[in-house]
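In our numbering, the protein residues as written are 18 to 175. Ideal Cβ placement from N, Cα and C applies to all residues, glycine included. Bear in mind the structure is a predicted one, so any value in this text is a computation, not a measurement. First comes the structure, then the notes that go with it.
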């Protein structure tokens, strides 16, 4: 199955100039996940999770999670920088090590994918990163030791 997009319409959403179907209230396959940074140097890894969940989101058997867009919010006076990856394990929030068997977005190690500064959100649309069955989506903060930011992943489960 291809990358799910939409040209715009009644239930569309636009991030970073990219428009896609988005109606999580009516479609359980529209999933918003988040990760947070509390220390971008010694503990940069954060498994993405749904709001109020106590563990990371694992892609269900037989399904693929597509990351459509990302949105970064920072609470610090410097640039919050993020990249993302997936792996075999849930590393929790603020982990020192990446998940096992990591696969990074665009096969880049520590490349900044999206950045935000205080008072200005960082957005990137048309991401097109797919996370296979059984894996965990993970954010990696490339910020400083005082990083206080959050990344939201707009995803479709197919």
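Residue i, enclosing beta strand (DSSP E) - first and last residue
{"i": "residue 84", "result": "82 to 91"}
{"i": "residue 52", "result": "47 to 54"}
{"i": "residue 75", "result": "Run containing residue 75: none; DSSP gives neither H nor E here."}
Burial state of residue i, where buried means 16 or more other Cβ atoms lie within 10 Å
{"i": "residue 116", "result": "buried"}
{"i": "residue 67", "result": "exposed"}
{"i": "residue 42", "result": "exposed"}
6 Å Cβ shell around residue i - same chain, five flanking residues per side excluded
{"i": "residue 101", "result": "122 and 156"}
Where residue i sits in the DSSP three-state scheme
{"i": "residue 122", "result": "helix"}
{"i": "residue 39", "result": "coil"}
{"i": "residue 112", "result": "strand"}
{"i": "residue 58", "result": "coil"}
{"i": "residue 31", "result": "strand"}
{"i": "residue 151", "result": "coil"}
{"i": "residue 66", "result": "strand"}
{"i": "residue 100", "result": "strand"}
{"i": "residue 144", "result": "strand"}
Contact belief for residue i with residue j at Cβ below 8 Å, rounded distance in angstroms
{"i": "residue 144", "j": "residue 86", "result": "6 Å"}
Cutoff 8 Å; reference residue i; Cβ partners in own chain excluding five residues on either side
{"i": "residue 81", "result": "18, 147, 148, 149, 150, 174 and 175"}
Min CB distance residue i to chain B below 8 Å
{"i": "residue 48", "result": "No chain B appears in this structure, which consists of one protein chain only."}
Own chain residues within Cβ distance below 7 Å of residue i, not counting five before or after
{"i": "residue 39", "result": "28, 29, 30, 47 and 171"}
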